[in-house]
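The numbering used here applies: residue 1 is where the sequence shown begins, and numbers increase by one. Note that CB positions come from ideal geometry on N, CA and C, so glycine has one too. Worksheet: the structure to be examined is printed underneath.
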Amino acid sequence: MTPAPVGFADDGPAGMAPGRTCRLLLVVTESRQEAYLRRYAGALAAFQSAQIGVLRDCRGAGGAAECCQAELPLCGPDSPGAKRVLPAGAPLGACIGAIAGRWPFDMLIAEWPQADEHVALHARLVSELGVTAVLVRHSDGALRRVVVPAGGGAHALEGIRVADALARAWSLDRQVLRIVQPGSSFWLHRADLKRQCRHIRDATRLYLDVADVAMPVKVRLGEDVADEILSRCASGDLIVIGGSGQWLMENSASVSIPSRVACGAPGPVMMVLTNRGQPAALADVFWDRTIRVGLKAGGKLAAVETLVDALIEGRQVPAARRDEIIGAVMSREQAGTTYVGNQTAIPHAALPGFRGLIGMLGVFAEGVPFGTTQDEKARFAFLLLTPKESYEVYLPILARIARFMQEADNRRGMAEALNPAQVAELLSQAERRWRAEGR
Numbered sequence: 001m002t003p004a005p006v007g008f009a010d011d012g013p014a015g016m017a018p019g020r021t022c023r024l025l026l027v028v029t030e031s032r033q034e035a036y037l038r039r040y041a042g043a044l045a046a047f048q049s050a051q052i053g054v055l056r057d058c059r060g061a062g063g064a065a066e067c068c069q070a071e072l073p074l075c076g077p078d079s080p081g082a083k084r085v086l087p088a089g090a091p092l093g094a095c096i097g098a099i100a101g102r103w104p105f106d107m108l109i110a111e112w113p114q115a116d117e118h119v120a121l122h123a124r125l126v127s128e129l130g131v132t133a134v135l136v137r138h139s140d141g142a143l144r145r146v147v148v149p150a151g152g153g154a155h156a157l158e159g160i161r162v163a164d165a166l167a168r169a170w171s172l173d174r175q176v177l178r179i180v181q182p183g184s185s186f187w188l189h190r191a192d193l194k195r196q197c198r199h200i201r202d203a204t205r206l207y208l209d210v211a212d213v214a215m216p217v218k219v220r221l222g223e224d225v226a227d228e229i230l231s232r233c234a235s236g237d238l239i240v241i242g243g244s245g246q247w248l249m250e251n252s253a254s255v256s257i258p259s260r261v262a263c264g265a266p267g268p269v270m271m272v273l274t275n276r277g278q279p280a281a282l283a284d285v286f287w288d289r290t291i292r293v294g295l296k297a298g299g300k301l302a303a304v305e306t307l308v309d310a311l312i313e314g315r316q317v318p319a320a321r322r323d324e325i326i327g328a329v330m331s332r333e334q335a336g337t338t339y340v341g342n343q344t345a346i347p348h349a350a351l352p353g354f355r356g357l358i359g360m361l362g363v364f365a366e367g368v369p370f371g372t373t374q375d376e377k378a379r380f381a382f383l384l385l386t387p388k389e390s391y392e393v394y395l396p397i398l399a400r401i402a403r404f405m406q407e408a409d410n411r412r413g414m415a416e417a418l419n420p421a422q423v424a425e426l427l428s429q430a431e432r433r434w435r436a437e438g439r
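In structure tokens, the structure reads:
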């Protein structure tokens with residue numbers, strides 16, 4: 001669905017100022033919503049320069065527009081709003097699309113609709129307009145804590161950022177909750193259960209680090225993710241949860257985990273949908289020039305130096321930034337392990353003024369102690385460098401690395417590879433298989 005073009009009744013020069021600040025659009029479909037949506041928007045805008053616009057699209061029982069008006073700031077956050085009347089009877093999606101054309105916004109904040117088709121509308125707008133949507137299932141009452149059930153992917157990470165902003169603005173406690181469904185393979189080696197949970201916690205902390213957010217992480221086992229989330233929350237908790245996959249959001253949102261949580265939660269729930277971090281292929285980052293096999297290193301520093309030197313040799317980064325890059329990567333290692341299990345580590349750094357995403361994959365035959373214990377050795381180290389200003393470019397690659405390394409055949413193939421081309425072919429084969437499966 002591409003929103004049909006809708007003109008404003010008083011079309012004139014668009015009020016777009018160069019170097020604009022972050023823009024938030026409130027979508028009000030019932031007058032009772034505006035007060036609490038403004039409260040959420042104010043909290044999200046508290047730590048940045050932001051403009052807040054409002055679309056009031058209140059309709060009667062038969063769907064006829066009782067009020068259809070956009071109030072958009074033209075210059076700065078202190079400027080009076082310019083009220084623009086939208087054509088009567090225009091669909092909500094078309095009205096939002098028209099606003100995006102004149103007043104490009106970054107985030108849409110609206111009440112979480114009950115009907116699947118209305119959730120689908122927001123999911124499609126997120127995809128087509130390239131914005132983030134925050135859907136709110138509001139309830140009154142004092143808040144004491146923000147709880148963030150985190151899985152993975154762009155929606156989850158953006159949800160973490162939203163939750164952190166709200167917790168800071170309202171001085172609330174915060175908690176990331178990682179629910180793990182213990183399948184049959186999970187219980188094969190019960191003696192390793194604590195270690196496996198620690199790896200999952202460390203992988204979640206890696207996501208937090210990418211988002212530049214500090215929150216405590218709890219890992220819990222649960223056969224049903226939604227039920228386990230609800231059992232861990234109480235009155236006074238604001239739950240902020242990332243949306244499910246695009247297909248489910250557009251076709252059957254009511255059966256998704258976020259919807260089930262919203263229906264059973266004792267307090268307010270927010271769902272975050274985003275277009276950030278769209279999937280990219282592993283082969284886009286790791287190819288024969290950014291893969292090395294047969295490496296040896298006595299420790300993390302030596303391994304990082306080897307990988308950075310390989311990037312310099314392959315003309316992926318300038319030699320002049322060698323010490324800066326190594327220092328940034330090792331600083332992150334000192335803050336917490338980047339070992340995520342499956343003999344895999346993802347050392348990384350976000351560098352100011354850096355452009356794009358650059359990686360180097362190293363296969364260390366004897367392993368390197370990247371973990372918290374000496375026996376947690378990484379045979380496979382994925383070094384990632386990205387701009388400090390654009391953390392989200394990590395997301396698709398992090399998710400794909402995790403998926404790829406979960407398969408024992410992939411790890412075996414990488415360990416047996418005689419040259420970088422063989423590893424690159426393994427990555428390409430996995431990407432082709434995922435595409436065929438629609439992943």
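- The alpha helix (DSSP H) runs lying completely inside the stretch 141 to 227 and spanning 4 residues or more are 153 to 170 and 193 to 210, given in chain order.
- The beta-bridge partner set that DSSP reports for F380 consists of T344 and V363.
- Residue pairing for G242: DSSP places it in a beta bridge opposite V272.
- When the alpha-carbon of W112 is set against those of L125, V272, G101 and Q51, the nearest one is in V272.
- For T306, no beta strand (DSSP E) encloses it; the enclosing alpha helix (DSSP H) starts and ends at K300 to E313.
- In the pairwise beta carbon analysis, the stretch 162 to 182 is classified as touching the stretch 38 to 51: at least three pairs are separated by under 8 Å.
- Minimum Cα-Cα distance from P149 among the listed residues P352, V126 and M270 corresponds to M270.
- T21 and A43 have their C-alpha atoms roughly 16 Å apart.
- In the three-state reduction of the DSSP assignment, R32 falls in the coil class.
- Rounded to whole angstroms, R145 and G236 show a C-alpha spacing of 7 Å.
- The stretch 327 to 336 makes contact with the stretch 205 to 216; the number of CB pairs closer than 8 Å reaches 3 or more.
- Note: D57 is bridge-paired with C68 in the DSSP secondary-structure output.
- Here C22 is bridged, per DSSP, to A50.
- Rounded to whole angstroms, the separation of the alpha carbons of I109 and A70 is 14 Å.
- In this structure, A350 is the residue among A310, Q343, A350 and P318 with its C-alpha nearest to the C-alpha of A328.
- A direct Cα-to-Cα measurement between N275 and Q175 gives close to 24 Å.
- According to the DSSP assignment, L398 belongs to no beta strand (DSSP E) but to the alpha helix (DSSP H) extending over L395 to M405.
- In the displayed model, P266 falls within coil according to three-state DSSP, outside both helix and strand.
- The alpha-carbon separation between Q114 and S259 amounts to approximately 9 Å.
- Between the alpha carbons of E158 and K218 lies a distance of about 19 Å.
- In the displayed model, G294 falls within a strand according to three-state DSSP.
- Under the DSSP assignment, L129 falls in the alpha helix (DSSP H) whose first and last residues are D116 to L129.
- Contact annotation: V304 and I326 have beta-carbon atoms nearer than 7 Å.
- For R435, the three-state secondary structure derived from DSSP is helix.
- CA-CA distance, V363 to Q422, rounds to 12 Å.
- Annotation: R102 to L121 spans about 20 Å, alpha carbon to alpha carbon.
- Judged by DSSP secondary structure, R102 falls outside any beta strand (DSSP E) and instead within the alpha helix (DSSP H) spanning L92 to R102.
- Going by DSSP, R137 is part of no alpha helix (DSSP H) but of the beta strand (DSSP E) stretching over T132 to R137.
- For A110, the enclosing beta strand (DSSP E) stretches over residues M107 to E111.
- Classified as exposed, R433 has fewer than 16 neighbouring CB atoms from the shown chains inside 10 Å of its CB.
- Closest option to R332, judged by alpha-carbon separation, among L301, V317, D309 and G359: L301.
- Under the three-state reduction of DSSP, D237 is assigned to strand.
- Ranked by Cα distance from T386, the options R38, D409, G359 and E376 are led by G359.
- Under a 10 Å Cβ-count criterion, A142 is classified as exposed, with fewer than 16 other Cβ atoms of the shown protein chains found around its own Cβ.
- Just so you know, the alpha carbons of L172 and T204 end up roughly 21 Å apart.
- In terms of CA proximity to W287, L426 leads the group L426, N251, A90 and P104.
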